[in-house]
Structures are given as C-alpha cells and as structure tokens.
Amino acid sequence: MRLLPVIALLAACEPPERAPCAVDSDPLLELTPSGVPFGTFVDGDEAYYGPPPQGGAPYSPVDLRVSGLEDMDKGVLIELSAVDVDSGEDLGSLSYPTRLVCANVGDSAGNWLANDVHHRFYGWELDELPGRLMALTVAVTDQTDQRLETSFEAVLVQMD
Amino acid sequence: MRTLALTAALALLPTAEALACGGFFCNRDFPIDQAGETVVFAVDETEGLVTTHVSIAYEGASEDFAWIVPVPRQPELFPSSDAMFSGLGARTNPTFWLNYEVTGNCWNYYDYDMAASDSGNGGPVAEDDGSGGVTIVAEEQVGPYDTVVLQATDAGELLTWLNDAGYDLPTTLDSVLAPYLADNQYFVALKLSAGRDTGDLVPLGMRYAATAASIPIQLTSIAATPDMPLTVYVLGENRSVPDNYLHVRINEAAIDWFSAGSNYADVISLAADEAGGHAFATDFSGATADLRGSLFNESAYNASALNAATSPYEWLDNLLGMGLPPSAALLRVFEEVIPFPAALGKQGITPQNFYDCLSCYSEYVDETAFDATAATTVLEEQLINGLREAEAMLAAHPHMTRLTSSLDADEMTVDPMFVFNGDMTQTQSNYHQATLRMDCGVGEGWSEAERTLVLSDGREIRLPSEDWVNNNGTSEFELMEDGGLTEPAAIVIEDLGREGQGEVMFDFRDEAEDIARRFRRAGCGCQTASPMSALGFGLLVLPFVLRRRQD
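Right under this line is the structure:
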C-alpha cells in the first residue's frame, strides 16, 4: 500500500506550463519607431521612412507593445493612420488583422509585441515626405472589441 | 549499377502533391486549393534587379486556367523550369538523421536492422489604351502562356477587364487587390495559349526592378488551403532573413526523430502559429559554391552520345550515366520520350518500376517509334536548360537561403519581405542529427536497452526500451508529447533585420532544458520506465521509509 503513493508520485510529474502574458495591469498600448526602445521616444523626435525594397509606397516601421488585454492570442486588428500635423494632409492609412507574440525575455517580457509594423504612405512619393511633422495614430482592437489607441508625432527623415 | 542508381533516385522523389492552383488564384468556380507555394528569388541589390521563379501547380480544365500575380515594376517574363525547383529542393530539403551510439554490450547489436534509420533520409511608362481604368502595358506569348501586363486604378474595373478578356476570375477580390492597386503595382495575368493544355504548364520567370524579395501573399488568401506551406529560396550576397515577419528556431524535441522527421511540416506550422502566424524558419543557408555542379554537371553531360543512341535502352542507359539529379521533371521527360504503357499500369506496375528496368518490359517498348535526337531535344527543353539556368543563378550569387512557413488564409494579411543580413552566422545545414544512446549494460538485448535521445543542443531525453514502447502500444514521440517535451514548436522567436543578431522576443531554451532534465530523472521514470522498474525503485525507497518510521 505504501508503494502506491511513491509510484503515483512518479507518475505525477508534469512539465511547467508556458507562462502566458499575464493580465495584471490596466490596458496599455505603446508605440515607438522601430529600433527606438519603448518609453524613450519623445514627440518631435525623428522617425525614419524609406522606399520598401520590394517597391511601392514609402513606409515607416514601428513597434507596438500591448499589455492588459484579454485573449490576445486570438488575434487583433491593427489600424495605422498618419496626418501631416501642419497641413492636415492625409499621409496614408491601413489596417489588417494579425496576432502578436507574447515576449518572455528582455525589457518587453510579459507583454505582447508586434515588431516591424509597416505604416505605408500610400499616394506619396519619397521626396514629398522629408521634414514633415507626422502624427501617427495606431489602434489595436481585440476580439472583444476592446480598443486601445495611441499616437506620436515625429519629424520624417529618409533612411540612407 | 545504373539501374540501382535510378531506383534510389526515384525513391527520393517527393510524394505527389495535391496539385492545384499554384498561382494566386485560378478561376471563378474553383479558386481554392492552392496546396503550397514555392518561389525562387535571385536578388541583385547593386543592379536593383530581382529575378523570380514561381512554380505553377494547377489541376482542372485547361480552359479554366487563369493566373494573376502583382509585381512592383513592369516585369520581363520568361518560361522557367520545374527542374530548377526539383534540383534546389533535392539539395536543401531538411533531413533528420538519428545516429545510434551503444554503451555496454548489446548481444544482438550486429543483427539490428539499421535500415530503419535510413527511411526517408535520405519600366517604361505605361500608355493608356482607353480600356477604362485599366492600362495594358504589355502583351506577349511566354512559353505555353498568353500573358498580359496591366495597371489599374480600380479593382472592379480590373476584374471586369480580366473577365471580359477570358480570365475566369472570382469577382470578390476587391479587398485583396486594394493594397496592390494602392501601391501602383503591375498585374501579370496568364492563361494557356490556344492548343495548350495543363500538361504544358511550366513555372513562370519574372525579372523586375527591386532590391528585395517579397511575396504578394494577400492575393493568395483567395486560393489557399489551411496551413498552406510556403517555401522561399533567396539567392544574393548574404544570408536572407524575413524583414517584416518573425523568425523561428525549431524545438528539436518537437521533431519525430523516430520517423526521420516526418512531422517537420507540422512543426513548422505550429511554430509559425506560435509566432502569431507571421514567421519563417530557415531550412538551409549556405554558400552557393558548395552547391554548384550538384544540380547539373555540364562536363558529365554529352548530348552527342544521347543523339547517337540506337535504342531507348541505350539512350536511357547513357543518360543515367551522366549523373543527372533525380527529379519529377526527369520522370516527366522519361514519360514523354518513352511513354509508359497503360497496360502495365493496369498490372500494378508503376512508371518508376518501368523506367527502372526498361529492358524487363521490352515487349511493351515501341523501339521503332523512338527517336534519340527528338528525345534529347525534349530532355534539353524540359530539363537541361532549366538546370543550366539554375546553375548560372548559383554562379551569379554567392549565397542561398531557403526559408519555410505555413499560413492560413486569414493570416495572409501582410506580404512577407526578405532582406540580407551579413552579420549573422551565414551557414545553417539542412542536415539535422540527433543521437540515440543505447545503454545495454552487460549483455542486455538491444531491444531491452534503456535509451537516451541526445539532441544537438545538448538536451538528453531518457526513453524506455524499444520492447517497453512496443509492449505498451505507444511510441517514443508520443511519450515525449505526453511529457511536454514537444512544446513549444518554436524554441526561439526572434525579430531579424538587415543588421546585427536581431532581437529575441521569446526564448524557451532554459525551460526546455529543465523539462528534459526532469523527464529523464527518476521522477519522470513514470513516463519512461516499465512498471517493474518503478516497482523496483519503490522497493529501494521502502527500506528508507521503514527506517524513518523506526526512528
């Protein structure tokens, strides 16, 4: 009889579950130009844009970080839109559904990440953009229609 | 010897795929069932030129075939060759080898059938012609295709134009066409020329101004099967990495080493899903210098000797002596120049059997109908020229990378783009190895030996004996699944780019090591050890329990 607990103990081992991105904070969406650490970008700083090597409208890459939303693993809708702060001109918009990755290392551990999200300046040429102050607004909507929105203002600088 | 060589060669041919619409969609009624997509890119960043070869797989009526693909600039079109895809695939397909290492003395070691471990291892400015919002940029015949290159400003007008021109396309494509219209992209549309049928389909080659490889995957969503595999070859200066998709490194414990990695496609699919559905894994990365001559050896090829053959037997024998790599394209050439007799098919004889030993079926071979010169011409057109082109491509680009992914239609929302990174480790072999260590003790039978699977990252996974596995109606992989070793499929998820080593976003290596360690310790003997072993362990523990009680 005393052997059974021992054998049962042997049988009870289970691997640890993969730690999900815990929902233990208020919903937050952070936005930064790609390559700029989250939390360090200040409105008015520069953001790079360039010609996508595959051709087409110029683009500017940004990174997104999300926390505090439920069911993120089921996917979100990402919406990007940009305007020229001074002239009010529309600098392009797009949206698409995607899924983010739950990071478990680095400064973003425990958050959902979307790196290299490309805003596209549809209808604009490369040489029409430098020096413009762009207000880029990004929204993330989860499966329960909870929507987070944030934005930054950046001076557009063409990549080398 | 040559017959044996052909047997081995044909055995390596990929299993027949569910051939479907290999472009981005096919026709109004059957736009679905694109079973997979394979694209070869050769990128010349200095010249700003990208050459693309796209395989076209389609099953259906010839008159229904229609294919459309967006490209960033006006392309030069040319017929490509299946042989290129076969050749590159044969050289870079991921393979998984399980090596055996024995400790102790297995009494039946030399009787063990090692064969089991071998299974499966082995522009100009466009002119408006007045066609509404659609501009015809070029029209030409390319190989078996009637092609037209268009630009448009409105999806509805584009679709109306195409359907009026006989391209039988779905009319609900506005949303997937929109990004390409917004990008002022060109559209290449194909249909089979009069007198051609689906048997004439060849891959399409396109050359256009660009500096990176990109796949217009959003259009594919119309015609994709679930978890559609995607294989991309990128030739260029350095290793290629996905720029706007993530990169995944595969958890080797998720591979079923005991079936030669037969679940690799599933692992890729799971890994891509774990990375949000937008990720690629690297199948192969290496210098093209190591590949050159492996697709086609010009010095071994002798067209004159083939033309001089006086019988199909001599022609085939000469050909097999020239070291051509095995491929589906080679088999198709055989079938065209020495037709496979339908009567043999009814007897259960396969084309492979037939060509493997042509003289064995001499009564079915029409020697008088065979024309060696004509056969050699077919061979050159359908195979040799493509292989030469592939070799020239390898010669012109120092590096080749093969990447793979798997996407559902609802994940095809962003076109993947690939860039070169010269900072990362440049080589990654497609040959993967693990070791199965057999602990035979003293004279223990091979099948009774406890085993340890040692992965290339050093993880050691203790497994029960072969007898235990068989007697318990399970498999080594099932035990590993039950033990949580096979998850996640992606052990590292990272964001790579043109420079540096990228940013790791998810890293499960330490946890995986911990899981493996606990799995192989006594605590996880539950998963691996026989009930008798567990009982034996219990009996060892019992005296300590009793002694404590006595204390």
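Quick mapping for you: the protein sequence lines, in order, are chains U and P.
Position one of the first sequence corresponds to residue 1 (my numbering), numbered consecutively onward.
Position one of the second sequence corresponds to residue 161 (my numbering), numbered consecutively onward.
We treat Cβ as the ideally placed atom computed from N, Cα and C, and that holds for glycine.
Original post:
Are the C-beta atoms of P/Thr371 and some chain U residue less than 8 Å apart?
Top reply: Interface with chain U (8 Å Cβ-Cβ cutoff): P/Thr371 is included.
Original post:
If you measure beta-carbon to beta-carbon, which residues of the stretch 69 to 91 of chain U are closer than 7 Å to chain P?
Top reply: From the stretch 69 to 91 of chain U, no residue has a Cβ closer than 7 Å to chain P.
Original post:
Does P/His438 come within less than 8 Å of chain U when only Cβ atoms are used?
Top reply: It does; some Cβ of chain U falls within 8 Å.
**OP:** Could you give the DSSP three-state label for U/Val155: helix, strand or coil?
**Re:** Residue state for U/Val155 is assigned as strand, using DSSP reduced to three classes.
**OP:** Measure from the C-beta of P/Val664 to each C-beta in chain U and report whether the shortest distance is under 8 Å.
**Re:** Output row for P/Val664: interface = yes.
**OP:** Provide the residue span of the alpha helix (DSSP H) that contains P/Ile428, from first to last.
**Re:** Residue range 424 to 434 is occupied by the alpha helix (DSSP H) that includes P/Ile428.
**OP:** With 9 Å as the limit, tell me which residues of the stretch 229 to 244 of chain P have their beta carbon closer than that to any beta carbon of chain U; keep them in chain order.
**Re:** So the list reads Val231, Pro232, Arg233, given in the order they occur along the chain.
Original post:
How about U/Pro58: is its C-beta nearer than 8 Å to some C-beta of chain P?
Top reply: No, its Cβ sits nowhere closer than 8 Å to a Cβ of chain P.
Original post:
Considering only the beta carbon of each residue, do P/Ala594 and P/Ser616 sit closer than 8 Å?
Top reply: A distance below 8 Å separates the beta carbons of P/Ala594 and P/Ser616.
**OP:** Rounded to whole angstroms, what's the CA-CA distance from P/Ala312 to P/Gln378? Just pull it up for me.
**Re:** Note on geometry: alpha-carbon atoms of P/Ala312 and P/Gln378 lie some 17 Å from one another.
Subject >> For U/Trp124, three-class secondary structure by DSSP >> reply: It is coil, neither helix nor strand.
Subject >> 9 Å Cβ cut-off: residues of chain U touching P/Leu406 >> reply: By Cβ distance, chain U contributes Val101, Asn115, Asp116.
Subject >> Pair within 8 Å by beta-carbon distance, P/Glu654 and P/Gly644 >> reply: Using a Cβ distance threshold of 8 Å, P/Glu654 and P/Gly644 do not count as a contacting pair.
**OP:** For U/Glu89, collect the residues of the same chain with a Cβ closer than 8 Å to its Cβ; drop the 5 residues on either side in sequence, then sort them by chain order.
**Re:** Residues of the same chain with a CB within less than 8 Å of the CB of U/Glu89, apart from the 5 flanking positions on each side, are Val83 in chain order.
Original post:
Is it right to say U/Pro37 is buried, meaning 16 or more other beta carbons lie within 10 angstroms of its own, or is it exposed?
Top reply: Label assigned to U/Pro37: exposed.
Original post:
Where does P/Tyr260 sit, in a helix, a strand or coil, going by DSSP?
Top reply: Secondary structure of P/Tyr260 (DSSP, three-state): strand.
Subject >> 6 Å Cβ shell around P/Tyr515 - same chain, five flanking residues per side excluded >> reply: These residues qualify, in order along the chain: Phe494.
**OP:** Round the Cβ separation of P/Phe666 and P/Gly421 to the nearest angstrom and send it over; I've been treating them as touching at under 8 Å.
**Re:** P/Phe666 to P/Gly421, Cβ: 23 Å. No contact.
**OP:** Just mark P/Pro376 as buried or exposed, buried being the case when its beta carbon has 16 or more other beta carbons within 10 Å.
**Re:** With 16 or more other Cβ atoms within 10 Å, it is buried.
**OP:** Would you be able to state if there are at least three C-beta pairs under 8 Å between the stretch 387 to 397 of chain P and the stretch 552 to 566 of chain P?
**Re:** Judged by Cβ distances under 8 Å, the stretch 552 to 566 of chain P makes contact with the stretch 387 to 397 of chain P, as three or more pairs qualify.
Subject >> Alpha-carbon spacing of P/Ala286 relative to P/Ile296, whole angstroms >> reply: Interpretation of P/Ala286 is limited by its pLDDT of 43, a score under 50 that renders its predicted location unreliable; the figure taken from the coordinates is listed afterwards. Taking the straight line joining both Cα atoms gives about 7 Å.
**OP:** Please compile the residues from chain U whose C-beta is within a distance smaller than 8 Å of the C-beta of P/Thr573.
**Re:** What P/Thr573 touches in chain U: Tyr96, Pro97, Thr98.
Subject >> Contact list for U/Asp130 against chain P, beta-carbon separation under 9 Å >> reply: The question names Asp, but residue 130 of chain U in the sequence shown is Pro. None at all; the shortest Cβ gap to chain P is about 20 Å.
Subject >> Residue nearest to P/Tyr473 in terms of C-alpha spacing, selected from P/Phe580, P/Val200, P/Asp526 >> reply: Residue P/Asp526 is the option with its Cα nearest to P/Tyr473.
**OP:** Starting from P/Trp321, trace the alpha helix (DSSP H) both ways and give me its first and last residue.
**Re:** That run of the alpha helix (DSSP H) goes 315 to 324.
Original post:
Who are the neighbours of P/Gln345 on chain U, taking C-beta pairs under 9 Å?
Top reply: Within chain U, Gly55, Gly56 have C-beta atoms less than 9 Å from the C-beta of P/Gln345, given in sequence order.
**OP:** Assign P/Ser727 to one of two classes, buried (16 or more other C-beta atoms within 10 Å of its C-beta) or exposed (fewer than that).
**Re:** Here chain P has residues from 161 to 711 only, and residue 727 of chain P is not among them.
Subject >> 8 Å Cβ cutoff, U/Val157 in contact with chain P >> reply: For U/Val157, the nearest beta carbon of chain P is not closer than 8 Å to its own beta carbon.
Original post:
Using a beta-carbon distance below 8 Å, is U/Pro140 in contact with chain P?
Top reply: This sequence places Val at residue 140 of chain U; Pro is not what is there. Taking CB atoms only, U/Val140 has no neighbour in chain P less than 8 Å away.
**OP:** Quick one: grab the DSSP three-state call for U/Asp24.
**Re:** For U/Asp24, the three-state secondary structure derived from DSSP is coil.
**OP:** Please report how far the alpha carbon of P/Gly453 lies from the alpha carbon of P/Gly365, in whole angstroms.
**Re:** In this structure, the CA atom of P/Gly453 is about 22 Å from the CA atom of P/Gly365.
Subject >> Reference P/Tyr327, options P/Ile428, P/Ser464, P/Pro232, P/Ala349, closest by Cα >> reply: The candidate whose alpha carbon is nearest that of P/Tyr327 is P/Ala349.
**OP:** Just tell me which of P/Ala243, P/Phe225, P/Glu205, P/Gly436 has its CA closest to the CA of P/Asp568.
**Re:** Checked all of P/Ala243, P/Phe225, P/Glu205, P/Gly436; the closest Cα to P/Asp568 is P/Gly436.
**OP:** Mind the definition here: the stretch 429 to 446 of chain P touches the stretch 402 to 412 of chain P only if three or more C-beta pairs lie below 8 Å; say whether that holds.
**Re:** Contact annotation: the stretch 429 to 446 of chain P touches the stretch 402 to 412 of chain P, with at least three C-beta pairs closer than 8 Å.
Original post:
If U/Asp171 sits next to U/Gly68, beta carbons under 8 Å apart, how far is it from one beta carbon to the other, in whole angstroms?
Top reply: The question about residue 171 of chain U has no answer here: the residues shown for chain U are numbered 1 through 160.
Original post:
If you draw a straight line from the C-alpha of U/Val105 to the C-alpha of P/Val664, how long is it?
Top reply: So the two alpha carbons sit approximately 7 Å from each other.
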